[in-house]
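Trainee: Sharing a structure here in structure tokens format.
In full-length UniProt numbering, the protein residues as written are 1 to 340.
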């Protein structure tokens with residue numbers, strides 16, 4: 001069954017799989033004291049500069065929760081979009097593990113603005129209310145849209161002016177970079193992001209994410225926090241070597257570029273079909289569309305994907321580094337056959 005459900009369902013990129021096999025040819029030091037981890041950290045420093053701290057973890061939920069936990073106390077609050085992964089898809093992990101409150105802001109496109117955030121700052125200094133301390137944004141968003149560099153800088157400046165921090169969930173950070181045609185540093189570190197979850201799993205890796213601290217004072221004690229949260233991989237090299245490979249020869253950009261291009265191609269092909277309405281801007285590697293329910297049900301017999309909104313018959317189709325035009329053409333032709 002072909003999947004358009006998520007870039008999590010894609011294969012591991014062959015070069016990354018090969019790197020894992022090669023890392024398995026001999027012994028190596030454990031807990032990140034190996035040569036692979038050092039090289040992977042240096043790859044990140046080539047991208048973002050030497051003045052950062054880099055930590056590897058297993059998955060995106062851990063990257064987000066651990067990154068946020070370094071910025072916040074239990075009496076604080078995190079402000080994010082209602083669609084944010086930390087609000088909808090992490091099973092309450094931030095609340096349980098950090099013990100803080102999440103304030104979610106309604107959003108039609110997955111993005112939030114300073115004017116949306118400002119109304120939640122009235123309680124600063126009042127002990128009866130959770131104290132807003134972190135703004136968390138997702139790049140690209142859960143609705144497939146992308147923040148511009150200027151939008152991110154505006155939020156970062158607003159956060160810092162109000163004694164807050166800016167966290168970025170970058171599970172699909174490379175897809176955003178391709179959309180913006182910018183170096184990742186320009187719309188993260190240079191724009192004022194304090195802590196970044198840098199995604200690997202959705203972009204060709206088997207497993208592994210990175211937590212990057214641009215505000216290095218926030219990383220104090222993080223290695224102990226990572227251990228307490230059960231995210232210190234003893235055989236760290238199997239995460240690190242994947243990042244080393246992903247960040248070499250711009251593989252992370254090449255992977256994301258194909259995913260984005262295939263989403264755009266799918267959008268073009270879908271617009272040939274009058275019964276389908278594209279419901280969000282196609283900026284990264286996600287297509288949101290509304291179509292008749294009977295068509296959705298028939299498609300689900302052959303393809304794996306998610307119904308996003310039952311009431312609106314809205315679905316989400318995702319493309320990946322390994323999606324091909326031939327697969328999309330077959331998918332679109334199947335839709336046309338069903339609608340006929």
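Think of the CB as a built atom: it goes at the ideal place given N, C-alpha and C, for glycine as much as any other residue.
Here's the rule I'm using: 16 or more other beta-carbon atoms within 10 Å means buried, otherwise exposed. How should residue 140 be labelled?
Mentor: Under this definition residue 140 is a buried residue.
Trainee: Residue 190 by DSSP, collapsed to three states: which one?
Mentor: Residue state, collapsed to three classes: coil.
Trainee: Between which two residues does the alpha helix (DSSP H) harbouring residue 235 extend?
Mentor: Looking at the DSSP string, residue 235 is not in any alpha helix (DSSP H), and its letter there is neither H nor E.
Trainee: Work out the CA separation of residue 232 and residue 29 for me, nearest whole Å.
Mentor: Cα to Cα, the separation comes out at about 14 Å.
Trainee: For residue 248, which residues of its own chain have a beta-carbon under 8 Å away from its beta-carbon, when the five flanking residues on both sides are left out?
Mentor: Result list for residue 248: 43, in chain order.
Trainee: Is it a yes or a no for the region 69-82 touching the region 259-271, going by three-plus beta-carbon pairs under 8 Å?
Mentor: Flag = no, the region 69-82 and the region 259-271 do not touch.
Trainee: Just grab the DSSP bridge partners of residue 271 for me.
Mentor: According to DSSP, which records beta bridges pairwise, residue 271 is partnered with nothing at all.
Trainee: With three or more C-beta pairs closer than 8 Å as the rule, is the region 154-174 touching the region 32-42?
Mentor: Result no; under three Cβ-Cβ pairs closer than 8 Å.
Trainee: Going by CA-CA distance only, name the one from 103, 309, 256, 99 that's closest to residue 344.
Mentor: Nothing in the structure corresponds to residue 344, since the chain is present only between 1 and 340.
Trainee: If you reduce the DSSP assignment to three classes, tell me which class residue 276 lands in.
Mentor: Residue 276: coil per DSSP, three-state reduction.
Trainee: Report the option in 216, 187, 146, 239 whose CA atom is closest to the CA atom of residue 52.
Mentor: The candidate whose alpha carbon is nearest that of residue 52 is 216.
Trainee: List the endpoints of the continuous beta strand (DSSP E) containing residue 104.
Mentor: Here the beta strand (DSSP E) through residue 104 covers 101-105.
Trainee: Tell me the DSSP secondary structure of residue 13 in three-state form.
Mentor: It is coil, neither helix nor strand.
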